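Have a look at the structure below before the remarks.
Numbering (full-length UniProt numbering), first residue to last: 1 to 103.
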């Protein structure tokens, strides 16, 4: 019975994309597009997630040091390392893009 449950969980887990796959497939959005999808509370949560997860391994870059395109490229690589889920990865992305420099 426990083998069947474990097998079922493994099969279901394979059906859902990982956060890194979702982020990789998201188009680069500008600040206005992000602000139309996320509210101030979600952006603030993205900042907390960014600070708490990314600072574990390295010094944090200020959001305004990179363009949205540069942040997207970085996040494709870093979200899997931080083991963020889809929701948290998208909130971090939203925070960074809203506060990024113009491209």
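Yeah, the Cβ is synthetic: ideal placement off N, Cα and C, and Gly gets one too. None of these values were measured; they are calculated from a predicted model.
1. Taking one C-beta from the segment 81-91 and one from the segment 49-62 each time, how about it: are there three or more such pairs within less than 8 Å?
2. State whether the segment 89-103 contacts the segment 29-38, with contact taken as three or more CB pairs (one from each stretch) at a distance under 8 Å.
3. Determine the direct distance from the alpha carbon of residue 41 to that of residue 78, and round the result to whole angstroms.
4. Applying the criterion that 16 or more other CB atoms from any shown protein chain within 10 Å of the CB defines a buried residue, is residue 75 buried or exposed?
5. Helix, strand or coil: which one does DSSP assign to residue 80?
6. Indicate the three-state DSSP secondary structure (helix, strand or coil) for residue 72 in the structure shown.
7. When the Cα atoms are used, what is the spatial distance from residue 90 to residue 27?
8. Note down the Cα distance separating residue 55 from residue 71, rounded to an integer number of angstroms.
Taking the definition as stated:
1. yes
2. yes
3. For the purposes of this step, residue 78 is taken as residue 78 along the chain shown, with counting starting at 1. For the purposes of this step, residue 41 is taken as residue 41 along the chain shown, with counting starting at 1. Computed Cα separation, rounded: 23 Å.
4. Locating residue 75 in the chain shown gives position 75, counting from the first residue. Under this definition residue 75 is a buried residue.
5. As a working note, residue 80 is residue 80 in the chain shown. Helix at residue 80.
6. Within the chain shown, the letter at position 72 stands for residue 72. If DSSP states are grouped into helix, strand and coil, residue 72 belongs with the helices.
7. Numbered from its first residue, the chain shown carries residue 90 at position 90. Numbered from its first residue, the chain shown carries residue 27 at position 27. Distance between the alpha carbons of residue 90 and residue 27: 12 Å.
8. As a working mapping, residue 55 is identified with position 55 in the chain shown. As a working mapping, residue 71 is identified with position 71 in the chain shown. Those two C-alpha atoms are separated by around 16 Å.
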